[in-house]
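The numbering of the sequence shown is this note's numbering, which starts it at 119 and goes up by one.
Note that beta-carbon positions come from the ideal geometry of N, C-alpha and C, so glycine has one too.
One structure is given here, and the rest of the page talks about it.
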Amino acid sequence: MFAAERRQLILEMVRANGAVSLRELARVVQTSEVTVRRDVRALEAEGLLDRRHGGAVLPGGFTRESGFPQKSHLATAEKTAIADLAAGLVEEGEAIVVGAGTTTQELARRLARVPGLTVVTNSLLVAQALAHANRVEVVMTGGTLRGSNYALVGSGAEQSLQGLRVSKAFLSGSGLTAERGLSTSNMLSASVDRALVQAAAEVVVLADHTKLGTDTMFQTVPTDLITRLVTDEPPAHDDRAATELQALADQGVQIAVAGANGNPGGDQVPASRRAQLPGPRRGQHPANTLRSAPSLNDQPSPSDRPRVADLRRR
Numbered sequence: 119m120f121a122a123e124r125r126q127l128i129l130e131m132v133r134a135n136g137a138v139s140l141r142e143l144a145r146v147v148q149t150s151e152v153t154v155r156r157d158v159r160a161l162e163a164e165g166l167l168d169r170r171h172g173g174a175v176l177p178g179g180f181t182r183e184s185g186f187p188q189k190s191h192l193a194t195a196e197k198t199a200i201a202d203l204a205a206g207l208v209e210e211g212e213a214i215v216v217g218a219g220t221t222t223q224e225l226a227r228r229l230a231r232v233p234g235l236t237v238v239t240n241s242l243l244v245a246q247a248l249a250h251a252n253r254v255e256v257v258m259t260g261g262t263l264r265g266s267n268y269a270l271v272g273s274g275a276e277q278s279l280q281g282l283r284v285s286k287a288f289l290s291g292s293g294l295t296a297e298r299g300l301s302t303s304n305m306l307s308a309s310v311d312r313a314l315v316q317a318a319a320e321v322v323v324l325a326d327h328t329k330l331g332t333d334t335m336f337q338t339v340p341t342d343l344i345t346r347l348v349t350d351e352p353p354a355h356d357d358r359a360a361t362e363l364q365a366l367a368d369q370g371v372q373i374a375v376a377g378a379n380g381n382p383g384g385d386q387v388p389a390s391r392r393a394q395l396p397g398p399r400r401g402q403h404p405a406n407t408l409r410s411a412p413s414l415n416d417q418p419s420p421s422d423r424p425r426v427a428d429l430r431r432r
């Protein structure tokens, strides 16, 4: 494929999706990430797109929201690994809320195996994934259907969450930064996500590396309210995503990296690149601290503190 054809295809993908990782662009145009990075620089010089944290976005600073068909084909392997690890945080008999999104949909498919679970959600896709789970009770919010992501939004959804109290909220979004926290591109979705957060004792954010360092219009969860982040390991060249991870950890967010060390749901980070993670925030019990998936509920000893990847490449 000639350079002009590659760049036109790259531009069309970014226009369709709002934001696309270099990894995904390289897969679609069937070339190396090095070549794609060169093409993205050329398109940026023409003012047609912006480079952003291991990917490309529409020009103008804030990414717009993609529709579900586009989102469902982006970072699919990463979302699967994140969902596998996040499912280990849910215990038998818990009551949780799960927000809308393609990553939370993947999580819901795994929650169907957790007996005695109660899931409150505004997502038709999450509810569908749990519809045939015999031992899982699904509670839908009210609201108005937003067709682009199959979610219920509006005052009806928000009012149905008033007075609710659950152990955990699992949320995704369009972007995540240490400065602003989780954000999304739609005002109605952001408002419902904030109501979901208010109902939960802990907030778990599911975000693949392409969302790290990306900021969008409407804040949903400020950083100081995020208990845990479950993400995948950024590529070697993505220093800005790694820096964002460390900044989140420095603010007290507990972080687990899915698939680290080549083991999905295994150790949080390769042992050679671990850094000490801040301890639990005030009011958190040490047992709530995130560790490797097989022992999430064990009481940690002082010598077995949770760790986060210092993913900067040396």
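Your pair THR328 and SER139 checks out as a contact, with CB atoms roughly 4 Å apart and the cut at 8 Å. VAL244 places its beta carbon 7 Å or farther from that of THR221. Membership of MET258 in the beta strand (DSSP E) is indicated by the continuous run 254-258.
For GLY274, the enclosing alpha helix (DSSP H) stretches over residues 273-278. With respect to the 7 Å criterion, LEU324 and ILE200 are classified as neighbours on the basis of their beta carbons.
By alpha-carbon distance to SER290, the top candidate from SER241, MET258, GLU351, ASP342 is SER241. Secondary structure at SER241: strand, using DSSP grouped into helix, strand and coil. A direct Cα-to-Cα measurement between MET305 and LEU166 gives close to 26 Å. Membership of LYS286 in the beta strand (DSSP E) is indicated by the continuous run 284-289. Here ASP356 has GLY172 as same chain residues with Cβ atoms under 6 Å from its own Cβ, once five neighbours each way along the sequence are excluded. Counting of Cβ neighbours within 10 angstroms places SER273 among the exposed residues, the total staying below 16. In the structure shown, LEU166 adopts coil according to DSSP, grouped into three states.
The residues GLY260, in chain order, have a CB closer than 8 Å to that of GLN277 in the same chain once the five nearest residues on each side in sequence are set aside. Per DSSP, SER266 is not a residue of any alpha helix (DSSP H), being assigned neither H nor E. Pairwise C-beta distances place the stretch 299-314 in contact with the stretch 338-352, as three or more of them are shorter than 8 Å.
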